[in-house]
Every structure is written in C-alpha cells, then in structure tokens.
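Numbering (our numbering), first residue to last: 4 to 287.
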C-alpha cells in the first residue's frame, strides 16, 4: 500500500464531510439515512485498497467497495471509488509527466478484467436509480474494457463520462477552481468546488432517481442560490442561504451525490498534483 496516497485519500474525504454541501451529507446535517460517521468509516476502510500499490484499477474499486460494505453495510462511496481509483493508479506511474497525462495513459489501457471487477463492485454497492442498459449492462458479463463500458453510459452518468473524457470535468472545473484559490483550506475548497459542479450541469444522481425535470429544476435553484451567495459580503448570510437550500433539498429527498463525488475526486487530484510539485521541487 502507498501509505501517503491512502492518507491523502482519507484527508480529502474528511474535508468533503466538513464542507457545507447543500443536499448532501456533511457535519452540519446528516441526511438520506446516512451519517458523517458512515462516510468517515468508509474512507478509512477503502483507503488501503484505493492506494494498493500496483493493483489494477478494477481490483482497487472492487476491494474498496467490499471493504466499505464490511465497514458500514451500505453504499456511501461508489462514485468516489470509481473516480479515485484511476487517479491513485496514475500517480504511481514512474514517468515524470503531469498527472492528467499519466491518468490518460491509465484510462487507455483499462481491460475487460477491470470492467468485470467494476461491474461486480457496482452490483455489490447497488446504487439508487441504477436501472438497466441496452449495452454494457452491469447486471451481465463485461463485453469490453472498462473505458468502453463507461463511454456507453456517458450520456446518463457524469462519473462514467469522466472515463470517456479523460476526467475533463474533474480537471477543468474542480481542479481549476482549486487552483484559483491557492491560499484556501481544504474545507473551503470543497465547498467552492461543490457549488461549481452543482451549478455546472444537472446532477446525474438526481437525474437517475428523480428524472430530468427535477434535476433541471435543482440546477436552476442552485444557480440562483449561488448568485445570492456571491452577492453578499457577510459570511453568516452566505451560510444561511446554503443552510436553507440544504434543508429544502433534504426535505424533498434530493441528494446531489454526483456533485459530491466529483468534489472528492477534484480535491484528490489537486492534492496529488501538489504532492508531485513538492517532490519535483517545482512549487513556487
């Protein structure tokens, strides 16, 4: 196990739990039948598997889901694991290239075996609103490599789209937002990144569970709340806007889970890049 990567993974998961993320579980308010403790235990259980040195991406995902199920008995982190496993593999590559380039190389060589392991992990996690697919259905055997399977689902799942597009949203939205806030702590970054994703496109977890109309309505509401937050200088008033939105979403049973998963992956990628820069002595 790469202990440094495991610790970094747990650190970004903890930061995301500390962030006020409207509709999602956080230290200020539980929700959706899950608690902060569930997520922290999940991160601790999954970290050694995500950071298992030399392990294939699919194997990391499956082992991490299995460890999570043993720890908390429910699906708290499937999206996080699907996104963070390739990043953890990429950072192990010896080439001194940017993380995004190494990740592209990892995605390019994903195998049928990776797909089989990921399919088993998804079945075990049993995420809400999964449904059936005409091709590359996780209920059946893998019929291609993992990236091909994910590409087939890109139109309905933003996490799958990351595999198809080289984690474009993670880097161009999430990591870019983090880079624009160089002096901010991890929790502040998590809150800012989450709002970026919540206002960028309809959350695909909401799409799967509640349909396009509800997902589009939440997107519009999030953009209005974001506008209100940006328009005031008082931190207390900004947080009040977010708390009200948070309570409203949870009362309606709406969880923007994909936005939260992308937030963790963005923090993870950003911190991995920072670690690379420190190792190379290129940080300014």
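Positions of the beta carbon are idealized from the N, C-alpha and C atoms, including for glycine.
Only a predicted model underlies this, so the values are computations on that prediction, with no experimental measurement involved.
Starting from the C-beta of residue 136, find all residues in its chain whose C-beta is less than 6 Å away, skip the five residues before and the five after it, and write them out in chain order.
Unreliable positioning characterises residue 136 in this predicted model, as indicated by a pLDDT of 44, which lies under 50. A coordinate reading is not provided.
Does the segment 198-212 come close enough to the segment 171-182 that 3 or more CB-CB pairs lie under 8 Å?
yes
With DSSP collapsed to three states, give me the class of residue 132.
Caution applies to residue 132, whose pLDDT of 45 falls short of 50 and renders its modelled position unreliable; the model cannot decide the point.
Could you spell out the range, first to last residue, of the alpha helix (DSSP H) harbouring residue 104?
102-111
If residue 61 and residue 149 are in contact, beta carbons under 8 Å, what's the gap, nearest whole angstrom?
6 Å
Determine the closest residue to residue 26 out of 256, 191, 219, 264, with distance taken between C-alpha atoms.
256
I'd like the ranges of any alpha helix (DSSP H) spanning at least 4 consecutive residues and lying wholly in the segment 184-217.
189-201, 207-213
Do you know how far the Cα of residue 280 is from the Cα of residue 70?
31 Å
May I ask you to verify whether the segment 218-235 touches the segment 267-276, counting CB pairs closer than 8 Å and requiring at least 3?
no
Got a sec? Which residues, its chain only, sit under 6 Å from residue 132 by beta carbon, not counting five neighbours each side?
Reliability of the predicted coordinates at residue 132 is poor, the pLDDT of 45 falling under 50, and the value obtained from them is presented with this limitation in mind. For residue 132, where only same-chain residues beyond five positions count, the Cβ hits under 6 Å are 211, 212.
Cα-Cα separation between residue 287 and residue 164, rounded to whole angstroms:
Confidence at residue 287 is low in this model, with a pLDDT of 43, below 50, so its placement is unreliable and the value that follows should be read with caution. Those two C-alpha atoms are separated by around 33 Å.
Over what stretch of residues does the alpha helix (DSSP H) that includes residue 38 continue unbroken?
Looking at the DSSP string, residue 38 is not in any alpha helix (DSSP H), and its letter there is neither H nor E.
Once the 5 residues before and after residue 20 are set aside, which same chain residues still bring their CB inside 8 Å of it?
28, 29, 30, 39, 42, 43
Starting from residue 21, trace the alpha helix (DSSP H) both ways and give me its first and last residue.
6-21
Name the one or two DSSP bridge partners that residue 29 has.
32
For residue 94, report the span of its alpha helix (DSSP H) as first-last.
81-94
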